[in-house]
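A.B. asks:
Numbering (the numbering used here), first residue to last: 1226 to 1372.
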C-alpha cells in the first residue's frame, strides 16, 4: 500500500489502524476489529441487525460477511427442516459478538453451524418451538459458545 490510498485499497480483519495523538505525537497501532469494536462502544451503537429466515426447504443463513450482532427469527413451514448457519470468519468476528436465533413456530428446527475454523462450544443441534438460543464469540477461545 502506498501513502496515498486508492479506491482499490480495502481494510480487512487482519489489518491494523495507526492512531496518532496530536498532543505528544505518540503513535499506537491497534487491530482493525478492536478499533471498530471500541468505536461502536464509544458511540453507543448496539449494532443489532434483524434477520428473518423463512424456511420452506433446508436453508443456509450466511453470516460470514457480517460484523454486527444478529437477531434472527425463523419462520418455518409445517415440516421438519435443517438450518445451516455460516458464522462470521474468525478474522472478522468481534470479541463479544452475539447471534440470537429464535423459533416462534410450532416446529423444531435442526441446526448445523459452520464456524470456519472457530470452535462451536456446547451442544447446539436443534432449536425447539417457542425457544431461542444465543451464541457469543470469544476471541481468546476462538470459539462461539451458547450463552
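Don't be surprised by glycine CBs; every beta carbon is placed ideally from N, CA and C. Since the structure is predicted, the reported quantities are computational estimates derived from the model, not experimental observations.
Could you name the residues of the same chain whose beta carbon sits closer than 7 Å to that of residue 1342, not counting the 5 residues immediately before and after it, in chain order?
C.D. replies: 1315
A.B. asks: So residue 1364 and residue 1320 are in contact, right, with Cβ under 8 Å, and what is the actual spacing, rounded?
C.D. replies: 4 Å
A.B. asks: Does the beta-carbon distance from residue 1370 to residue 1346 come in below 8 Å?
C.D. replies: Annotated as proximal: residue 1370 and residue 1346, with beta-carbon spacing under 8 Å.
A.B. asks: Strictly under 8 Å for the Cβ-Cβ distance: is residue 1313 near chain B by that measure?
C.D. replies: Looking for chain B here will not work: only one protein chain is present.
A.B. asks: How is residue 1226 classed by DSSP in three states: helix, strand or coil?
C.D. replies: Any answer about residue 1226 is weak, because its pLDDT of 49 lies below 50 and its placement is not dependable; what the coordinates show is given next. Coil at residue 1226, not helix or strand.
A.B. asks: Got a sec? Which residues, its chain only, sit under 7 Å from residue 1358 by beta carbon, not counting five neighbours each side?
C.D. replies: 1326, 1349, 1352, 1371
A.B. asks: Check the C-beta distance from residue 1335 over to residue 1356 and give it rounded, since I have them as a contact under 8 Å.
C.D. replies: At roughly 14 Å, the Cβ-Cβ gap does not stay under 8 Å, so residue 1335 and residue 1356 are not in contact.
A.B. asks: By DSSP, does residue 1344 sit in helix, in strand, or in coil?
C.D. replies: strand
A.B. asks: If we count the other Cβ atoms within 10 Å of its Cβ and call it buried at 16 or more, is residue 1317 buried or exposed?
C.D. replies: It is buried - the Cβ of residue 1317 has at least 16 other Cβ atoms within 10 Å.
A.B. asks: What does a CB cutoff of less than 6 Å around residue 1244 pick up in its chain, not counting 5 residues either side in sequence?
C.D. replies: 1253
A.B. asks: Per DSSP, residue 1334 forms a beta bridge with which residues?
C.D. replies: 1306, 1352
A.B. asks: On the three-state DSSP scale, how would you describe residue 1317?
C.D. replies: coil
A.B. asks: Kindly indicate the opening and closing residues of the beta strand (DSSP E) around residue 1256.
C.D. replies: 1252–1256
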